[in-house]
Every structure is written in C-alpha cells, then in structure tokens.
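Residue numbers (our numbering): 1 to 110.
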C-alpha cells in the first residue's frame, strides 16, 4: 500500500508554474498538479518583511516519490529556499487515491 500526499509549493510566475507542473506529471512524479490563481504572500526573509505575488501549486503524489519530486522542484525553482511542504492524504475517494498511486508508480527496468 502507498501513502498519497498533497505537496504545496509557490512559484513567482504562471509560466514557471506550468513548466514545473508539466515536468512533474511527464516524469510520473505527480498524478495531477492544480495551478491556482495568484495570491499575495507576506513573509519575513533575511530580517525584512516582504510581499510577493505567487502562484500556488497543489501536487498530488505519493510518499514514495516525494524525494524525487522535491529534487525536481528545487532544480527548476528560482528561490533559495522554496516552500515545499507535504501533507498526508488520510482519506479520499478510493478510486481517486488508487489513481494517484497508479500514475506515480516508478517503472521497473527489467
């Protein structure tokens, strides 16, 4: 059995959001990525309160693929320390959760 997870990250542009989403799904690291409308983020960075417009991504994957998914996001992300957080999906439509697992199964080289 696998653990489905929801990974959240924010990026500075819609173009980058689309590029990351496409990359993750094409590589089988995510079953689905929702690109949300822009949000205003307020945060402290290097001792200063900053504000930025960001595009949130909601990424459905499995705990097994998280390490590779995180590495892929970091490789494409321009921030020094991007927000990449994972939340366990403890319940959901069984068919949908099974679909997440099926779409993110790592292919075995035989």
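Just so you know, even glycine gets a beta-carbon here, dropped at the ideal spot from N, CA and C.
With a CB to CB cut of under 7 Å and the five nearest residues on each side skipped, what residues in its chain are close to residue 43? 50
Using C-beta distances below 8 Å, list every residue in its chain close to residue 28, excluding the 5 sequence neighbours before and after it, in chain order. 65, 103, 104, 105, 106, 107
When DSSP labels each residue in this structure, what does residue 37 get in the three-state scheme? coil
With DSSP run on the structure shown, which of helix, strand or coil describes residue 87? strand
Is it true that the CB of residue 30 sits closer than 7 Å to the CB of residue 61? yes
Residue 33 and residue 6: beta carbons closer than 7 Å? no
Three or more C-beta pairs under 8 Å: does that hold for the segment 68-75 against the segment 8-24? yes
Short check: CB of residue 4 to CB of residue 97, under 7 Å? yes
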